[in-house]
Structures are given as structure tokens and as C-alpha cells.
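With the numbering used here as the guide, the letters of the sequence shown map in order to residues 87 to 740.
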Amino acid sequence: MEKNGKITNGHEETTLFILPDSDTHKALEAEQAVISDTWDKEEEEREHWTRGLDFVLSLIGYAVGVSNLWRFPYLTLRNGGGAFLIPFFFFLLLCGIPLFYLEVCLGQFSGTSSLFVWKMCPLVKGIGYGMVLVSGMACIYYNAVLSWVIYYLVNSFRADLPWASCGHWWNTPQCVTHQGELNSMFASNVSDGNMTLNLQLTNGSGNFASGSSSCVGNASLCGSSQVKYRTAAEEFWQYNVLRKSDGLENLGSMQMHIALSLLAAWILVCLCLIKGVKSVGKVVYFTALMPYVLLTVFLIRGSMLPGAIDGIIFYVKPDFEKLMNFTVWIEACVQVFYSLGPAWGGLITMASFNKFHNQCFRDVLIASLADGLTSVYGGFVIFCVLGFLAKEANVSVTEVATQGPGLALVAYPEAISKLPIPQLWAVLFFFMLLLLGIDSQFGMFETVVAGLIDAFPHQLRRRRICLTFGLAFLSYCVSLPIATNGGIYVFTLLDWFVAAFCVMITSFLECFVICWIYGVDRFSDDIEMMLGRKPGLFVRICWTVFTPLIMLTAFIFTCAMYTLPVYDGYVFPMWANLLGFIISVIPLIPIPVGALIVLLKQKGTFIQRLQSSLQPAENWEPAAKQYKELYGEKSKAYNQRRHWLVAWYRRHRL
């Protein structure tokens, strides 16, 4: 006979199970709930920066990159010298810092990556997916720069620097040791065609790199033969590092020296990101600070070179008439925008690891000003060397001034080869470039990793290491075409188009959505809950009016001045340009697609669906749990109001 879970057989009872009474049952349920809640917290608890300084240095490392050295100094020289600093810091104040602060506040308040922060306005959830896409695509070709730097760094340990002299297997009969040998023949402009990095849309000049030359004083050399001379440093870059083919149509074979360098670059990124912000927070103390030590060393050494003062004078001498040219202002705005790096998702992602009450405005000021001042400081370092090269070649500084890899991988290495103990200076220089580049990569790659972890927290949070290495391996495989003979053309195409349009459009939408749909007053209340005070009136005016108008104007004029890519005299075919334009709109596709999906999922009339999709999602809440109940009450009050867009639509619909 069975009774209360026991089988009675004569005088013996065997216990099979015990049926608990109601009190015991409730206690077990409560215990199970605690266990389940603990498990969920372990699965979903978001990591934080160990110290506040970790975040500040990560911001500096993300913003300060190689373009601060090989882009800004050239723009300054071309656009009025010291006068260029006026529009640069003007746009830094009205556009750069406010947009930087907006994204940091957004990430810190929500505690989520760029993929899910747009729960504040579900209609534009596609913005987050676009940010992840553009960061992921940029990671693919940005590491190519690191691979070149690594290859140069390895070759810097040789007894004789390979770019210091001719006579190697890659050199041509037209090779000359340095520009000084060309004094009686022609004035050269060592450049790298129209190639730029960090998505700059302004063309460079390419006389020397494209093989064209202006001969002066030696008709026998210039005559009808049109002999095209290159320095040893230029030939090392073109014929040893790149080993380029004749065009994108002919990618050629895999170049193992670049493929291995590219692999090393991805391994370095993975090792630094292996434990997320815990490991990055330690690494940035070195990667973000060491470049300033090395920059100072190079400035001191460079200032001792002959011609250094002439170079600095060319750099800082103001030409205020240039400020009457509207293009100068557009280039200053574009430089500020792409240097700080908003609308890529990296700022939101890094800020999401902050503690809720972190005083992020202070961090934003430090990082943004550090970025701007580093650009100016780096210009002194660069123009000391350019002045030296100009004196050696007996030409004007403007003849040797260039931008992009042509400066960092041709002109500067040539100057280094003339110094005592050139191997030491070469190692220090390329190590500095590696540090500048790799911590910019941290923010972009972490945007992709953190986005996937937030999308699948239970499946991926405990498998972060596997996810990081898996994504890196996939990115490495996708980027291998850059390691071919035609890789420089692939790089140029990606660099030209990936973020040519999308990041400016995204930044404009970002300001519009937060300030005009979500509401600048509501967002200010969120910040007050987080920091204890609302943003200042000037910041709110910038968010609402100045910043979006500036970004829209810059986008329009950038499109108007936009030119198709050219590298080293090679004009890309129409199919390549068409492919580039398709690549440029890929990050924008999720925005309308996401809006359509959200509207279709809502119920009711179109007006009701629009009203619902403009309101924050139910799970939009502050990262700090103690404020969630209070925030829910405030949200109900806001959501009960009819949105102004809905009211406008009602009044103007046909």
C-alpha cells in the first residue's frame, strides 16, 4: 500500500519520495528562485572598468590614432598653418565635444552596447546595427595598417635598414639613396597618391609616389627619356612591402610577409581584449601613455636636426586669408569628426562599462582635448623632420610635405635612416605607431564583440575568449585579399568608401533622435539622475541645434566635393566604384529595414504604430537597479503625452 510517498509492506516501510507540505513547498520555491536569480546575475552581470582612469585612457587611446600624426599636420600646412587651428578648435567646441559627451552619456546611462542602446526609440534601432557593421568593416582594413607597421618594425632590427640604401633585390636602376641626390635633377614630392586613413575625403597629391617628377637643371636626364627616379625608402614601400600589381583586376598571389604580419596584428588585438575591459584597462596604461613619451623624445631629437626650425615655421605660420575659403572650414570639421570617432559605436560601448555615477563629463573633456592637443603636438614632431628633409634635398618644406602612409612609411623612415644609430630610432618610431594604432582598434573591435554578447548573454558571456578569437579569425580571413599584390587597391577602396557617408548620417540621426524625438529635456533628466546635475545650457543648445546642423552641412559639402578614388595614378574601374558605393550604404540599410520591422510588429493604425515605436521600449531603463522603479514612473508620465511627430502628422496628412 502507498501512503505519503512510502510503500508499506507488513512492518517494513521503504521511502520512495516525500511529498512536502505547503510551507515546505513554498520554501523550496523561494530557494530555487534565489538560485535562479543568482545564476541570472552571474550570466547577465555587466563588467565594469576597474578604475575611472582605465576609461579615460581608453577614450584617449580610441580617439588618438595614426591620423593625428600623418593627417592633421598636412591639413594644417595646406589650410593656413596656425590659422587652421581656429576652425579646428571651433568645431571641436561646437561639434566634437558635445557629440562625444552625448554618446558617452548614452552608453553610461543604459549600460548596454551600441546595439541595444536604441531601445530608447525602437523606430531607429537599426542605427545600432549600422554602428556594429561599420566598426566591423573598419576593423578588417584598419589592421592592414598595423600589419605594415609590424613589418617595418621587424625590419628595423636589421644591421642595415633595408630602406636606407639601394642595391637590394627589389630596387630598380632608377633608385637613389635619398632625396639629396635629386637636388640637381628635380624637386620631389614624396606622397602616397590619394590614399587616406580614418575615412578622410580630401585628396592628397602624388607626384613622387605616382612616379611623376619635375626635372630641374639637368636636361640630359629629363629630356625625352622621362626617367622616373625614386628614393630607396619609396622603393622599399612600393616594391618590397606592397609588391603591388597593376590594378584591382589583378590581385596576384598572397604575400606571406604581409599575411603573417596581419596575423600578428590580430593576435595582438585578441590578447589585449581577451578579458574585455579587465585586460584592456591594464593595457591602455602603456598603449595610451607611452606614445606621448616617444613623441617627446622625437621632438627633442628632431629639433636638433638642421632645418627643423624652418619646418616648424612652415607649420605654425598663420595665413589668415585661407580662412576665407569655405573648404578650409569643411576640412577642419571633417578632421575633428573622424579623429574623435563618434557614430562608430566605440564610445557608447566603452562608456557602457562605466559605473552609473561616474563623472563622465570630466572624462570627455580630458579625452577630447587630449586628442586635439596631440594633433597639434604631433605636428611639431613631424615638421621638424620635414624641415630636415627639405634642407637635405634643398627644396621647400611644401615639396616634401605629404599625408597618409606616404609620410609615416616613406618620408619619416628616410629621415630616420640619416640619424646616428638609425635602428634604435626606427624601432622607437614604428613601436609608437603600433601603439597608436592598436588601441584605436580596441574600441572598434570591442563594439562588435560586446554587441554580440549583449545579444546572446547566456550563450556568449561565459565564452568571451572563444568569441573574441573566433571573430578575429573570421576578420583575418576576410582581410586576406589586402595581403595580395593588389591588396593596396583593396585597402584604398575600403578606406575610401566604408565610412564615407554613413557615419555623418548616423551622427546627425543620433542628435535628432535623442534631442527631438526622445527629447533633450528627458535626456537631461536621465543625466541628472546619473550625475546629479543636468547638462549645461550651452551643451543642450549644441545637441539640439549647432551639432546636427554642422554635421548636415559638412555631409552636404563633403558629397559635393567628393571625388572617386585614385591610387598611384591608377584609376579604379566603374565596377569597383559601384562596389564601393554599395559598401558605403551597407551600414545604413539596417535603419529603414529596422524601422519597417518595428512598425509591422506594432498593432493598431499607422498613427498608433508610429506613436508606440517612437516611445522607449518597456525594458529601456537606467543601468543602476535602484533607479529602475523611479524611472518607470517618470517614463509613464512622458509616454502619456502625444508625441509631436504624431501631432504634426495628424495635422498635415492628406
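Think of the CB as a built atom: it goes at the ideal place given N, C-alpha and C, for glycine as much as any other residue.
*Within 10 angstroms of the Cβ of Thr-644, are there 16 or more other Cβ atoms? Answer buried if so, exposed if not.*
buried
*If you compare alpha carbons, which of Met-660, Ala-723, Gly-168 and Asn-154 is closest to Tyr-401?*
Gly-168
*Taking Cβ to Cβ, would you say Phe-594 is nearer than 7 Å to Leu-522?*
no
*Can you tell me the Cβ-Cβ gap for Val-584 and Met-223, rounded? I've got them flagged as a contact below 8 Å.*
5 Å
_Beta-carbon proximity check, Phe-141 vs Asn-440, cutoff 7 Å_ = yes
*Rounded separation between Leu-510 and Trp-249 - CA only*: 15 Å
_Whole-Å CB distance - Cys-261 paired with Arg-316, under 8 Å assumed_ = 6 Å
_the stretch 660-677 touching the stretch 214-228, judged by at least three CB pairs closer than 8 Å_ = yes
*Taking all protein chains shown into account, decide if Glu-117 is buried (16 or more other Cβ within 10 angstroms of its Cβ) or exposed.*
Below a pLDDT of 50, predicted positions are generally treated as unreliable, and Glu-117, at 43, falls in that range; no measurement from the model is reported.
*asked:* For Leu-520, tell me which candidate among Leu-232, Leu-580 and Asn-571 has the shortest Cα-Cα distance.
replied: Leu-232
_Between Gly-464 and Phe-175, how many whole angstroms is the CB-CB distance? I'm expecting something under 8 Å._
In fact, because the Cβ distance is near 16 Å, the residues do not count as touching under 8 Å.
*Return the bridge partner residues of Thr-570 from the DSSP annotation.*
Met-340
*Any idea what DSSP makes of Gly-333, helix, strand or coil?*
strand
*Taking DSSP as the reference, what is the three-state secondary structure of Thr-317?*
strand
*asked:* Please state the DSSP three-state secondary structure of Val-599.
replied: helix
_At the level of alpha carbons, what is the spacing between Leu-566 and Asn-229?_
11 Å
*Can we say the stretch 233-243 touches the stretch 542-550, given the rule of at least three CB pairs closer than 8 Å?*
no
*Residue nearest to Asn-444 in terms of C-alpha spacing, selected from Gly-151, Lys-720, Tyr-378 and Ala-709*: Ala-709
*Please state if the CB of Arg-626 and the CB of Tyr-724 are separated by a distance shorter than 7 Å.*
no
*Check whether the Cβ atoms of Leu-219 and Ala-681 sit closer than 7 Å, and answer yes or no.*
no
*Return helix, strand or coil for Val-657, following the three-state DSSP convention.*
strand
*Taking the alpha carbon of Glu-500 as the point to measure from, which residue in Leu-472, Ser-331, Ile-398 and Val-450 has its own alpha carbon closest?*
Leu-472
*Give me the Cα-Cα distance between Glu-704 and Glu-715, rounded to the nearest whole angstrom.*
12 Å
_Here's a check: name, in chain order, each residue in its chain whose Cβ is nearer than 6 Å to the Cβ of Val-496, leaving out the five neighbours to either side._
Val-276, Ala-319, Glu-320 and Trp-323
_Going by DSSP, what residue range makes up the alpha helix (DSSP H) through His-544?_
543-546
*Could you tell me whether the Cβ atoms of Thr-435 and Ala-558 are closer together than 7 Å?*
no
_Please report the distance separating the alpha-carbon of Glu-335 from that of Glu-614._
56 Å
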